[in-house]
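Have a look at the structure below, then the notes.
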Amino acid sequence: MKTLASVLLVTLLSAAAGLRADDVSPAGKIAPKPLFRDPIYDGAADPVVIWNRAEKKWFMFYTNRRASQTNGVSGVEWVHGTKIGIAESSDGGATWTYRGTADIRHGGEGMTHWAPEVIEHDGLYHMYLTFVPGIFSNWGHPRDILHLTSTNLLNWKYESTLKLAADRVIDACVLRLSDGTWRMWYNNERDGKSIYYADSKDLYTWEDKGKARGTSERGGEGPTVMHWKGRYWMVVDIWAGLRVYRSDDALTWERQPTDLLSQPGKGEDDGVVGQHADLVVSGDRAFLFYFTHPGRRGSNARADGYEQRRSSIQVVELFEKDGWLTCDRDQPTYIRLVPPEP
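Going letter by letter, the sequence shown gives residues 81 to 422 in our numbering.
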C-alpha cells in the first residue's frame, strides 16, 4: 500500500509540475506571463479588448510606444509618433499574436495615437482615440479625443474631434447605460488629471457633464468602467496601482478601501504595479487587462533606458468579495472570453 501511495503521489506531483500555458480547464486556458509584448517597439500599453464578429477573433488594441528606439530620441519623444497596435486571439484571450496597426489617416504622417477605446453598436465599430498632433519631447501640447468608425476594425474613418471640457483630454472609456444612452469617462489634464464624463444618445454628439462625483480625492488616468454583478465599477490608474470605485447609478462613485495591483507580483514582467487597464465582462466573469513597466524597479527604477521604457500586457481575473473587487495576480489566470450575443 505504501508503494502504491508513493507512486500516486509522484504521479500527482509530476502532473502539477507539468502544467503548461496550453493546459485547459472548464474556465479556459492558463494565460501566460506576460500575456503579450509588441514585437516592433516593445512598448505595448493601454490595452482594450473587443470581439471581431466577422473574423470570429478577439482583437486587442493598444498604445504602442517606441521603447526600443533609444538613439536619436530626446525627452518623451519615444511615447509619441506611433499608430495603435493590434493583436489577435483565436482561443478566447489566452494566446495573442501581432496583427499590425490600425489604419488611421487623420492628420497625416507623424501623428501620435494613444489610449484607444473601441466599442461595437449596430454592426459598426466606434473608436474614441487620444490624438496628439505631432511628436514632442515634453508633455505640454494639446491632446484631443477623436471619434472614428470602422466596419472591420482595421480601416478607420474620421468622424469628429469631440468638444469636451478642455484642450488637453485623454483616455476615453464608453459604456452603454440601462436606458440605452451612452456615457464617456475621460481624463481632463487641465483639472489636475481629474476624471470627467460626457453623455450621448447616438455616439456622435456628446454633452460634457463635468467631474465624476466621488473620484476627486486624487488625479488619475485611463478610467475603465463596467457593469457587473449589479453595480457599475470604475478602475483608474493612479501610478501606484489601480484605484477602484463602485456606483449604483454610474453618477456618484464610492472609493474602494484598497487598490488593485499596488504590490509587485511574482510572475515574469509582473513585478511592478499594474497600470492603465481594461475591464472585460465575459458571461458572469470579469477580467482586468493591464500593462506593466517591468524594468521600473530596484536601484535602476528611475533610469530612462530601454529596460525601463519597455512594457508588457498582463491579465488577471476579478472576483467580488464583501462588495468590492479583488484579484490575485500570482495565481494562474484561466481565461476563455465568451463572444457577445449577435
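Glycine included, every Cβ here is placed at the ideal spot set by N, Cα and C. As the structure is a computational prediction, the values presented were derived from the model and not from experiment.
* Touching or not, the segment 382-394 and the segment 290-304, by the rule of three or more beta carbon pairs under 8 Å? -> By the Cβ rule, the segment 382-394 does not count as touching the segment 290-304, because fewer than three pairs are nearer than 8 Å.
* Can you name the residues that DSSP bridges to F139? -> Taking the first residue of the sequence shown as position 1, residue 139 is located at position 59. Within the DSSP bridge table, the entry for F139 names I130, E168 as partners.
* Asked: Quick one: what's C253 bridged to in DSSP?
  -> Reading the sequence shown from its first residue, position 173 is the one you call residue 253. Among the bridge pairs identified by DSSP, C253 is matched with W265.
* Please work out which residues of its chain come closer than 6 Å, Cβ to Cβ, to R326, disregarding the five sequence neighbours upstream and downstream, and give them in chain order. => Along the sequence shown, read from residue 1 onward, the residue named residue 326 stands at position 246. Residues R311, W313, E334 of the same chain have their beta carbon placed closer than 6 Å to that of R326, with the five preceding and five following residues left out of the count.
* Three or more C-beta pairs below 8 Å linking the segment 228-242 and the segment 178-190 -> Cβ pair count under 8 Å is three or more, so yes.
* To do: For W219, count neighbouring C-beta atoms within 10 Å of its own C-beta (all shown protein chains included) and say buried if the count is 16 or more, exposed if not.
  => In the sequence shown, the residue the question calls residue 219 occupies position 139. Its Cβ having fewer than 16 others within 10 Å, W219 is exposed.
* To do: Report all residues from its chain with a CB closer than 6 Å to the CB of I199; omit the five preceding and five following residues, and keep chain order.
  => Position 119 of the sequence shown holds residue 199. Excluding sequence positions up to five before and after I199, its CB lies within less than 6 Å of the CB of H206, V254, all in the same chain and listed in chain order.
* Among F369, E297, V305, D410, which residue has its Cα nearest to the Cα of S392? -> Residue numbering aside, residue 392 sits at position 312 when the sequence shown is read from its first letter. Ranked by Cα distance from S392, the options F369, E297, V305, D410 are led by F369.
* To do: With a threshold of 16 other CB atoms inside 10 Å of the CB of T150, please say whether the residue is buried or exposed.
  => For this step, residue 150 is matched to residue 70 along the sequence shown. By the C-beta density criterion, T150 is exposed, having fewer than 16 other C-beta atoms within 10 angstroms.
* DSSP state of R389, grouped into three classes? -> In the sequence shown, counting from the first residue as 1, residue 389 sits at position 309. Look at R389 here: in three-state DSSP terms it is helix.
* Asked: For S154, which of Y208, F216, G123 has the nearest alpha-carbon?
  -> As a working mapping, residue 154 is identified with position 74 in the sequence shown. Comparing Cα-Cα distances from S154 to each of Y208, F216, G123, the minimum goes to F216.
* Going by other Cβ atoms of all chains shown within 10 Å of its Cβ, with 16 needed for buried, is L417 buried or exposed? -> In the sequence shown, the residue the question calls residue 417 occupies position 337. Burial call: buried.
* Look at I164 and N132 and say whether their C-beta atoms are less than 8 Å apart. => Start at 1 with the first residue of the sequence shown, and residue 164 comes out as number 84. Start at 1 with the first residue of the sequence shown, and residue 132 comes out as number 52. Not in contact: I164 and N132 (Cβ atoms no closer than 8 Å).
* What number of angstroms, rounded off, separates the C-alpha of L398 from the C-alpha of I110? -> Counting from one through the sequence shown, the residue named residue 398 turns up at place 318. Counting from one through the sequence shown, the residue named residue 110 turns up at place 30. Rounded to the nearest angstrom, the two C-alpha atoms are 15 Å apart.
* Asked: Since A278 sits in a beta bridge, which residues does DSSP pair it with?
  -> By one-based count along the sequence shown, residue 278 stands at place 198. In the DSSP assignment, the residues bridged to A278 are M264, D288.
* Residue of W158, T175, S148, A134 minimising C-alpha distance to Y414 -> One-based indexing of the sequence shown puts residue 414 at position 334. The residue from W158, T175, S148, A134 with its alpha-carbon nearest to that of Y414 is T175.
* What distance in whole Å lies between the Cβ atoms of Y178 and D118, which are believed to be in contact at a cut-off of 8 Å? -> Position 38 of the sequence shown holds residue 118. Position 98 of the sequence shown holds residue 178. A Cβ-Cβ distance of about 7 Å is found for the pair D118 and Y178, placing them in contact under the 8 Å criterion.
* Asked: Beta carbon of P196, beta carbon of V128: below 8 Å?
  -> Taking the sequence shown and counting its residues from 1, one reaches residue 196 at position 116. Taking the sequence shown and counting its residues from 1, one reaches residue 128 at position 48. A contact, by the Cβ cut-off of 8 Å.
* Asked: Rounded to the nearest angstrom, how far is the Cβ of V324 from that of A357, given a contact under 8 Å?
  -> The residue labelled residue 324 in the question sits at position 244 within the sequence shown. The residue labelled residue 357 in the question sits at position 277 within the sequence shown. Going by Cβ atoms, the distance from V324 to A357 rounds to 10 Å, so no, they are not a contact pair.
* Give a yes or no on whether the C-beta atoms belonging to L340 and L405 are separated by under 8 Å. => On the sequence shown, residue 340 is found 260 positions in, with the first residue counted as 1. On the sequence shown, residue 405 is found 325 positions in, with the first residue counted as 1. Yes, these two residues count as a Cβ contact at 8 Å.
* Give me the Cα-Cα distance between S230 and G378, rounded to the nearest whole angstrom. => The residue you call residue 230 lines up with position 150 of the sequence shown. The residue you call residue 378 lines up with position 298 of the sequence shown. Looking at the two C-alpha atoms, the distance is approximately 43 Å.
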